[in-house]
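Enquirer: Got a structure here, written out as structure tokens. Questions coming.
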Amino acid sequence: VSLKTRFEGYRDSVRRLLSISKTNPEVSKHLHGALADIVTTDQRYETAIETAFGGAMQNVVTPTADAARYLIEYLKRTNGGVVTFLPVASMRPRPDSREIRRALDERGAMGLATELVHYDEYYYNVISNLLGNTLVCDNIANATTIAKKYGNLFKIVTLDGDLIATSGSMTGGSIGKNQRLLSRARDIEKLEEEVKLAKTELESNDNDRIVKATEKLSNESQAIFGKIYQQANPNGQDPNAGNAGDTEFHQ
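In this text, residue positions in the sequence shown follow my numbering: the first is 612, and each later residue adds one.
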């Protein structure tokens with residue numbers, strides 16, 4: 612998958628930095644990747660979790676504050692724009708309250724956001740800070756009822772991407788697919804697995820399997836890339852029309 616495809620959906624400054632990190636060892640050693648690179652969740656929770664993360668989905672994770680400082684200075688030297696960094700060693704965990712755990716028994720409660728995501732324990736500080744004290748609920752009606760009962764003591768997000776903040780503010784409506792970085796990361800991961808599988812089959816020297824593997828790789832890659840392209844460019848042109856140079860599938 613080309614770097615352009617992998618980093619679709621990110622702001623220009625974030626996309627440039629992540630792309631540079633793939634070819635510049637000095638930059639690469641100071642970061643772990645974007646938030647979407649270190650956390651996953653089941654497909655049904657993707658919209659809720661991405662809503663809970665909010666703007667942090669565009670942030671870049673670093674090991675330390677010193678690493679973040681190096682990258683900020685690098686951006687200044689290269690006119691690379693502005694990026695927000697999440698230093699693992701500096702982030703403070705946000706514990707789940709007793710009230711939110713009691714709310715798990717309420718109608719419509721799906722679970723704690725921190726327990727509905729998958730990540731390496733190394734990133735606990737980051738995930739806990741961003742998702743701590745956040746309840747995932749099935750719909751806005753039940754979310755509103757829970758928020759009223761517990762006095763907005765914790766943040767609530769719904770499967771549709773609605774949000775009730777501890778301030779009492781409510782955000783919701785129609786969320787475009789092009790905003791979903793977690794689902795895009797999942798699609799790319801699936802495509803890369805298909806590439807690996809097809810490569811293994813190609814190396815078997817079995818003519819029938821070679822033909823099937825080639826056809827499968829072509830069909831899967833075009834379908835997934837088409838989906839990724841449409842998410843990032845909902846009003847754009849056909850990804851197969853005039854942009855062949857933008858995408859590469861390396862074997």
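All C-beta atoms in this analysis are idealised placements derived from N, C-alpha and C, irrespective of residue type, glycine included.
Do Ala-700 and Asp-675 have their beta-carbon atoms positioned less than 7 Å apart in this structure?
Expert: Just to set this straight, residue 675 is Thr in the shown sequence, not Asp. Yes. Within cutoff.
Enquirer: To the nearest angstrom, report how far apart Asp-731 and Ala-647 are at their CA atoms.
Expert: 13 Å
Enquirer: Where does Ala-714 land, buried or exposed, given buried means 16+ other C-beta within 10 angstroms?
Expert: buried
Enquirer: Under a three-way DSSP split, which group does Tyr-730 fall into?
Expert: strand
Enquirer: Applying the criterion that 16 or more other CB atoms from any shown protein chain within 10 Å of the CB defines a buried residue, is Gln-940 buried or exposed?
Expert: The question about residue 940 has no answer here: the residues shown for the chain are numbered 612 through 862.
Enquirer: With a threshold of 16 other CB atoms inside 10 Å of the CB of Gly-719, please say whether the residue is buried or exposed.
Expert: buried
Enquirer: Kindly indicate the opening and closing residues of the alpha helix (DSSP H) around Leu-741.
Expert: 735 to 742
Enquirer: Taking just the CA atoms, how far does Lys-760 sit from Asp-623?
Expert: Between the alpha carbons of Asp-623 and Lys-760 lies a gap of roughly 42 Å.
Enquirer: Please state if the CB of Thr-652 and the CB of Phe-727 are separated by a distance shorter than 7 Å.
Expert: The identity of residue 727 in the sequence shown is Leu, whereas the question assumes Phe. Yes; because the gap between Cβ atoms is below 7 Å, this pair is in contact.
Enquirer: For Lys-759, does the three-state DSSP call read helix, strand or coil?
Expert: helix
Enquirer: Give me the DSSP bridge partner(s) of Ala-645.
Expert: Val-671
Enquirer: Can you tell me which of Ala-754, Pro-704, Asn-670 puts its alpha carbon nearest to the alpha carbon of Asn-744?
Expert: In terms of CA proximity to Asn-744, Pro-704 leads the group Ala-754, Pro-704, Asn-670.
Enquirer: According to DSSP, simplified to helix, strand and coil, what is Phe-765?
Expert: The answer is coil: DSSP assigns Phe-765 none of H, G, I, E or B.
Enquirer: Pick helix, strand or coil for Gly-620, following the three-state DSSP scheme.
Expert: Secondary structure of Gly-620 (DSSP, three-state): coil.
Enquirer: Val-638 by DSSP, collapsed to three states: which one?
Expert: helix
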